[in-house]
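Mapped onto our numbering, the consecutive letters of the sequence shown carry residue numbers 592 to 727. First the structure, in the form of structure tokens, and then the observations on it.
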Amino acid sequence: MEILSNTNPVILFDGVCNLCNSSVQFVIKHDPKKQFRFASLQGEYGQQVLKQFNLPTNTLSSFILLKDHQIYTHSTGALKVAKQLSGAWPLLYVFIIIPPFIRNAVYQFIANNRYKWFGKKESCAMPSPELKSLFY
């Protein structure tokens, strides 16, 4: 499977995290052009991306956007996704002017507490048949 041959941006997420799964559903709802694809960090595709970009394969606390042969992590990845959504969500991209160390500190605080606040599943959720084509 050639990872960089994909033309759609791919969101890699923690497949057992309830917050992460809710975020994926949010993106799907606000992506009428169906431009985004999705893969869990725990799955084969996600693990290949992590290896290809020399990222630790056991760290699942980052949101990763693979777009145009580059990866964007943490708050930068999330803001780049928001910029492409329908409605007023692209306005959030203004927060890109905040230095990454500040944005990522907030991001990391939420990431470190996401299981405690939102819970987690025993295994990765499976997409519904109508959404299956959006997932790797």
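Idealized CB from N, CA, C, for every residue including glycine.
query                                                                                      : result
Residue from SER724, GLN675, PHE604, PHE709 with nearest C-alpha to LEU641                 : PHE604
Spatial distance of HIS621 from PRO681 (CA atoms)                                          : 11 Å
Nearest-angstrom beta carbon gap, ILE662 and PHE644 [assumed within contact, 8 Å]          : 5 Å
Residues near THR650 by beta carbon distance below 7 Å, same chain, minus five either side : none
Counterpart residues of GLN661 in DSSP-defined beta bridges                                : LYS658
Rounded Cβ spacing between TYR698 and HIS665 (contact assumed at less than 8 Å)            : 5 Å
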